[in-house]
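Q: Just so we're aligned, residue 1 is where the sequence shown starts under my numbering, counting upward by one.
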Amino acid sequence: MKTKIINIEVLDESTLADLEAVASLIRAGGTVVFPTETVYGLGADALNPQAIKKIFAAKSRPDDNPLIVHIASLDEVKPLVANIPAKAETLMKVFWPGPLTIIMEKAVTIPTEVTGGLNTVGVRFPDHPIAQAFIKMAGCPIAAPSANRSGRPSPTQGKHVLEDLDGRVDGMILSADTELGLESTVIDMTVEPPVVLRPGDITLAELREILGEVAVSANVTENVVPEKISSPGMKYTHYSPKGELVVVKGSPEEIRDKINRALSHHKGKAMTIGVLASDETMGFYREGLIISLGSRNDPKEMAKNLFSRLRTFDELGVEKIFAEDIPLNNETLALINRLYKAAGYAFI
Ligand code: TXA
Ligand code: MG
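Okay, structure coming up:
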């Protein structure tokens, strides 16, 4: 199929007609990529099972991995869920619109195709003017996973989406790079205490300030498959670059020495080696393709850059990537979660 691509940087009178053209693709049961503040999403009418199936086909996504339903105003939540827990309502008031997905019991009207057969649904109100205008114009809740081929790094730039999905989806809103670069925080509000299934820009500390006790799913930083998988997405390979990615652990000196030893070991071999370093540590390495994730003092910048840097290594044909480990704290949890998953929990 030919993907209808429209370019919108800012919303104004002249772009509304373009937006209407892609919104009408949604109403006709098609799939459309749109920007959000986290990553680009691949949307379809959340109430149309046939349209939902097209999302799974375009991404080659396993059909038991549920989709997030996107809305553009608070009053759209009620028809999507069986009930709104009081604490969930508080979260909506504090963090929406924003990078937080709230899992609640689903309403019967939500097709099981959207929820991967679960009786819960994740709902998110994105903080992005184009996403909001697009959802409003489409006139329906929009189910949308990240707009990458399944298993690839999530797309933070229009060109990432085109690499993965051009010709596989009906439409696309091509816009600026996404602001946050990592997907939303996912919190399950159907259990007590609530559980963070996926960390994101809304941090644990921020959630605990509002909710009190909040648990964290064990596999956020560790390679464990919980007995009862509460978020099916957790069991699949994620975010992987084409090259082999390994996270290097230890003190800053140990990390530097381990990477330099590995680089000299590979020297002269016909293999392209890369290092994912930081502004502060780039100068430590003398061989290989050294790419910085950003400054160690700016976890948000590093989070924003992670997926695009992984794709850069791919473009450069890097076959083996050594990534420096990052100190774990409230601000780096989401970044570490994505980095470890991208590496398939391979550590040295
Ligand atoms: O920032 C984001 O959340 C982006 C943008 C496009 O909004 N979307 C996104 O969707 O990252 P996706 O499909 O790539 O990731 C959704 C995650 C998956 O890990 C999925 O398993 C989990 O949320 N999820 C969705 N619905 C769920 C549910 N009912 N119960 C448990 N986990 C759920
Ligand atoms: Mg995804």
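For glycine and all other residues, C-beta sits at the position ideal for the given N, C-alpha and C. The structure presented is a predicted model; accordingly, all values stated were derived computationally and were not measured.
May I ask you to report which of helix, strand or coil DSSP gives Val-214?
A: What you label residue 214 is simply residue 214 of the sequence shown in a count that begins at 1. It is coil, neither helix nor strand.
Q: Taking 6 Å as the cut-off, is the beta-carbon of Ile-103 closer than that to any non-hydrogen atom of the ligand TXA?
A: One-based indexing of the sequence shown puts residue 103 at position 103. Indeed, a heavy atom of the ligand TXA lies less than 6 Å from the Cβ.
Q: Apply the 10 Å Cβ neighbour rule to Gln-157 and answer buried if 16 or more other Cβ atoms are within range, or exposed otherwise.
A: Mapped onto the sequence shown, residue 157 falls at position 157. With 16 or more other Cβ atoms within 10 Å, it is buried.
Q: From Ala-21 to Thr-38, what distance separates their C-alpha atoms?
A: If you number the sequence shown from 1, residue 21 lands on position 21. If you number the sequence shown from 1, residue 38 lands on position 38. Distance between the alpha carbons of Ala-21 and Thr-38 is about 24 Å.
Q: Could you say if the stretch 124 to 133 and the stretch 22 to 36 meet the contact criterion of at least three C-beta pairs nearer than 8 Å?
A: The stretch 124 to 133 vs the stretch 22 to 36: in contact.
Q: How is the alpha helix (DSSP H) around Gly-158 delimited, first residue to last?
A: Residue 158 sits at position 158 when you count from the first residue of the sequence shown. Residues 158 to 165.
Q: Tell me the rounded alpha-carbon separation between Gly-294 and Asn-119.
A: As a position in the sequence shown, residue 294 is number 294, starting the count at 1. As a position in the sequence shown, residue 119 is number 119, starting the count at 1. Rounded to the nearest angstrom, the two C-alpha atoms are 40 Å apart.
Q: Would DSSP call Arg-296 helix, strand or coil?
A: Residue 296 sits at position 296 when you count from the first residue of the sequence shown. In the structure shown, Arg-296 sits in coil (DSSP, three-state: anything other than H, G, I, E or B).
Q: Could you say which of Ser-240, Val-169, Glu-331, Asp-177 lies nearest to Ala-44 if we only look at CA atoms?
A: Numbered from 1 along the sequence shown, position 44 holds the residue referred to as residue 44. For Ala-44, the nearest C-alpha among the options comes from Val-169.
Q: Kindly indicate the opening and closing residues of the beta strand (DSSP E) around His-266.
A: Taking the sequence shown and counting its residues from 1, the one referred to as residue 266 is at position 266. Segment 252 to 266 is the alpha helix (DSSP H) holding His-266; no beta strand (DSSP E) there.
Q: Rounded to whole angstroms, how far is the Cβ of Ile-200 from the Cβ of Pro-99, which I believe are closer than 8 Å?
A: Translated into the one-based positions of the sequence shown, residue 200 becomes position 200. Translated into the one-based positions of the sequence shown, residue 99 becomes position 99. Reading off the sequence, residue 200 comes out as Gly, not Ile. Rounded, the Cβ-Cβ distance is 5 Å, consistent with contact.
Q: Report whether the distance from the Cβ of Pro-79 to the nearest heavy atom of the ligand MG is below 6 Å.
A: Taking the first residue of the sequence shown as position 1, residue 79 is located at position 79. Not so, every heavy atom of the ligand MG lies at least 6 Å from the Cβ.
Q: Closer than 6 Å: is that where the CB of Thr-115 sits relative to any heavy atom of the ligand TXA?
A: Looking up residue 115 in the sequence shown gives position 115. Yes - the ligand TXA has a heavy atom lying nearer than 6 Å to the Cβ of Thr-115.
Q: Please report the residue range of the beta strand (DSSP E) in which Ile-202 lies.
A: Against the sequence shown, residue 202 aligns to sequence position 202. Where Ile-202 is concerned, there is no enclosing beta strand (DSSP E), given that its DSSP letter is neither H nor E.
Q: Using a Cβ-Cβ cutoff of less than 8 Å, which residues in the same chain neighbour Glu-244 once the five nearest sequence positions on both sides are dropped?
A: Your numbering for residue 244 matches position 244 in the sequence shown. Cβ neighbours of Glu-244 beyond the five flanking positions: Glu-319, Lys-320, Ile-321, Ala-346.
Q: Cβ of Leu-74 versus every heavy atom of the ligand TXA: is any distance shorter than 6 Å?
A: Position 74 of the sequence shown, counted from the first residue, corresponds to residue 74. Because no heavy atom of the ligand TXA lies under 6 Å away, the Cβ of Leu-74 does not count as near it: no.
Q: Could you tell me which residues DSSP puts in a beta bridge with His-238?
A: Locating residue 238 in the sequence shown gives position 238, where the first residue counts as 1. Paired residue(s): none; His-238 is not in a bridge.
Q: Leaving aside the five residues before and after Ile-187 along the sequence, list all residues of the same chain whose C-beta is less than 8 Å from its C-beta, in chain order.
A: The residue you call residue 187 lines up with position 187 of the sequence shown. For Ile-187, where only same-chain residues beyond five positions count, the Cβ hits under 8 Å are Leu-91, Leu-100, Thr-101, Ile-102, Ile-103, Pro-194, Val-195, Val-196, Leu-197, Leu-207, Val-214.
Q: When you compare the CB positions of His-238 and Ile-135, do they come within less than 7 Å of one another, or not?
A: Along the sequence shown, read from residue 1 onward, the residue named residue 238 stands at position 238. Along the sequence shown, read from residue 1 onward, the residue named residue 135 stands at position 135. Not a contact, by the Cβ cut-off of 7 Å.
Q: Just mark Arg-286 as buried or exposed, buried being the case when its beta carbon has 16 or more other beta carbons within 10 Å.
A: Here residue 286 is taken as the residue at index 286 of the sequence shown, counted from 1. By the 10 Å Cβ count, Arg-286 comes out exposed.
Q: State the beta-bridge partners of Glu-183 as determined by DSSP.
A: Stepping through the sequence shown from its first residue, residue 183 is reached at position 183. None, per the DSSP bridge assignment.
Q: Identify which residue in Leu-328, Ile-130, Leu-276 has its Cα closest to the Cα of Asn-305.
A: Here residue 305 corresponds to residue number 305 of the sequence shown, with the count starting at 1. Minimum Cα distance to Asn-305 is reached at Leu-276.
Q: What does the alpha-carbon distance come out to for the pair Pro-111 and Ile-273?
A: Counted from its first residue, the sequence shown places residue 111 at position 111. Counted from its first residue, the sequence shown places residue 273 at position 273. Pairing Pro-111 with Ile-273, the inter-Cα distance amounts to about 46 Å.
Q: So, for Ala-107: in the same chain, excluding its five sequence neighbours on each side, which residues have a beta-carbon less than 8 Å away from its beta-carbon?
A: Reading the sequence shown from its first residue, position 107 is the one you call residue 107. If we look at Ala-107 and ignore the five residues flanking it on each side, its Cβ neighbours are Pro-79, Leu-80, Val-81, Ala-82, Val-121.
Q: Starting from Arg-117, follow its DSSP beta bridges and name the residues at the other end.
A: Start at 1 with the first residue of the sequence shown, and residue 117 comes out as number 117. It is Gly, not Arg, that sits at residue 117 in the sequence shown. In the DSSP output, where bridge partners are listed per residue, Gly-117 has none listed.
Q: For the ligand TXA, I want to know if Ser-146 counts as a neighbour, meaning its beta carbon is within less than 6 Å of at least one of the ligand's heavy atoms.
A: Sequence index remark: in the sequence shown, residue 146 carries index 146 (1-based). Yes, since a heavy atom of the ligand TXA falls inside the 6 Å radius drawn around the Cβ of Ser-146.
Q: Give every residue of the same chain whose Cβ lies closer than 7 Å to the Cβ of Met-137, excluding the five residues on either side of it in the sequence, and list them in chain order.
A: Counting from one through the sequence shown, the residue named residue 137 turns up at place 137. Same-chain partners within the cutoff: Leu-19, Glu-20, Ala-23.
Q: Does any heavy atom of the ligand TXA sit closer than 6 Å to the C-beta of Met-219?
A: Position 219 of the sequence shown, counted from the start, is the residue given in the question as residue 219. Checking the sequence, you will find Asn at residue 219 rather than Met. Answer for Asn-219: no, Cβ out of range of the ligand TXA.
Q: What is the residue span of the beta strand (DSSP E) that Glu-244 lies within?
A: Here residue 244 corresponds to residue number 244 of the sequence shown, with the count starting at 1. Its beta strand (DSSP E) spans residues 244 to 248.
Q: The beta strand (DSSP E) spanning Leu-276 covers which residue range?
A: Numbered from 1 along the sequence shown, position 276 holds the residue referred to as residue 276. 273 to 277 is the span of the beta strand (DSSP E), which, as asked, contains Leu-276.
Q: Under 6 Å from any heavy atom of the ligand TXA, does the C-beta of Pro-66 make it?
A: Walking along the sequence shown from the start, residue 66 turns up at place 66. It does: the Cβ of Pro-66 is within 6 Å (strictly closer) of some heavy atom of the ligand TXA.
Q: Keeping to the same chain, check which residues put their C-beta closer than 8 Å to that of Leu-11; ignore five residues upstream and five downstream.
A: One-based indexing of the sequence shown puts residue 11 at position 11. Leu-19, Pro-129, Ile-130, Ala-133, listed in sequence order.
Q: Determine whether the beta carbon atoms of Leu-47 and Cys-140 lie at a separation below 7 Å.
A: In the sequence shown, counting from the first residue as 1, residue 47 sits at position 47. In the sequence shown, counting from the first residue as 1, residue 140 sits at position 140. Cβ distance < 7 Å, so Leu-47 and Cys-140 count as in contact.
Q: Where do the ends of the beta strand (DSSP E) carrying Val-33 lie?
A: Within the sequence shown, the letter at position 33 stands for residue 33. Its beta strand (DSSP E) spans residues 32 to 34.
Q: In the DSSP assignment, what residue or residues form a beta bridge with Thr-44?
A: Numbered from 1 along the sequence shown, position 44 holds the residue referred to as residue 44. Reading off the sequence shown, one finds Ala at residue 44, where the question assumed Thr. In the DSSP output, where bridge partners are listed per residue, Ala-44 has Ala-143.
Q: Looking at Val-121 and the ligand TXA, is the gap between the Cβ and the nearest heavy atom below 6 Å?
A: In the sequence shown, residue 121 corresponds to position 121, counting from 1. Because some heavy atom of the ligand TXA lies under 6 Å away, the Cβ of Val-121 counts as near it: yes.
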